[in-house]
Structure formats: C-alpha cells, structure tokens
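**Q** In terms of our numbering, the sequence shown opens at residue 308 and continues consecutively.
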Amino acid sequence: TATLIRLIRVRIHQTPTVVLTRFASKKSGGSSKNLGGKSAGRRYGYKKQDGNFVHAGNILATQRKGLMRWQPGAHVRCLESNIFL
Numbered sequence: 308t309a310t311l312i313r314l315i316r317v318r319i320h321q322t323p324t325v326v327l328t329r330f331a332s333k334k335s336g337g338s339s340k341n342l343g344g345k346s347a348g349r350r351y352g353y354k355k356q357d358g359n360f361v362h363a364g365n366i367l368a369t370q371r372k373g374l375m376r377w378q379p380g381a382h383v384r385c386l387e388s389n390i391f392l
C-alpha cells in the first residue's frame, strides 16, 4: 500500500497542466484611428477666370480666412475672404 500511495503522489505531480482557452462567441468591435480624413474639399480658388463675363455681386474667388492670397483691386470688394465684383 505504501508503494501504491507513492505511485499516486508521483502521478499527481507529473500530470501535465492543461490550459483551456475559450474563443469569443461574438466578434468584438475593433478600434480605428485616422477618422479625420473623410471630409470633403472646401472648393477654394478662382470661380471666374480672365475673360469671363461677370455681373455685379458675382464671386470671383474664394480663399481661406487666415491666408489672403489675392487682394481686391479697383471696383472689387472682399468680404469674409470672398472676392467679388
């Protein structure tokens, strides 16, 4: 009986450990970065070119508020960075 008890103790300590892993039953939502690049363009630039016929009030060019690329000349106004006749 002593030999049997020693065998049982040795067998208990020699059993390999089994690691159980469970897989997800539902797919988890992944995180995404780079969300800022989906906005449409702002359509800045010339609206009427040289030689085009324009009426009073037509917008000639649009530009960003902080960056004034074009300055209004004679008989041309600039309001909120829009240059118009």
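For every residue, glycine included, the Cβ atom is placed at its ideal position computed from N, Cα and C. All values reported here derive from a predicted model rather than from experimental measurement.
(1) State the DSSP-derived secondary structure class of G348, mapped to helix, strand or coil.
(2) Among C385, K340, S338, R371, which has the Cα closest to the Cα of G352?
(3) Out of A368, T328, W377, point me to the one whose CA is closest to R349's CA.
(4) Identify, in the order they occur along the chain, each residue of the same chain with its Cβ nearer than 7 Å to the Cβ of C385, setting aside the five sequence neighbours on each side.
(5) Note down the Cα distance separating M375 from S338, rounded to an integer number of angstroms.
(6) In the DSSP assignment, find the beta strand (DSSP E) that holds F391 and state where it starts and stops.
(7) Look at the alpha carbon of G358 and the alpha carbon of K340, and state the distance between them as a whole number of angstroms.
**A** In short:
(1) Taking the first residue of the sequence shown as position 1, residue 348 is located at position 41. Three-state result, G348: coil.
(2) Here the question's residue 352 lines up with position 45 in the sequence shown. Nearest of C385, K340, S338, R371 to G352, Cα basis: R371.
(3) For this step, residue 349 is matched to residue 42 along the sequence shown. Considering only alpha carbons, the answer is A368.
(4) One-based indexing of the sequence shown puts residue 385 at position 78. Answer for C385: P379, listed in chain order.
(5) Indexing the sequence shown from 1 puts residue 375 at position 68. Indexing the sequence shown from 1 puts residue 338 at position 31. If you take the alpha carbons of M375 and S338, they lie about 39 Å apart.
(6) Along the sequence shown, one-based indexing puts residue 391 at 84. Start and end: 389-391.
(7) In the sequence shown, the residue the question calls residue 358 occupies position 51. In the sequence shown, the residue the question calls residue 340 occupies position 33. Cα to Cα, the separation comes out at about 47 Å.
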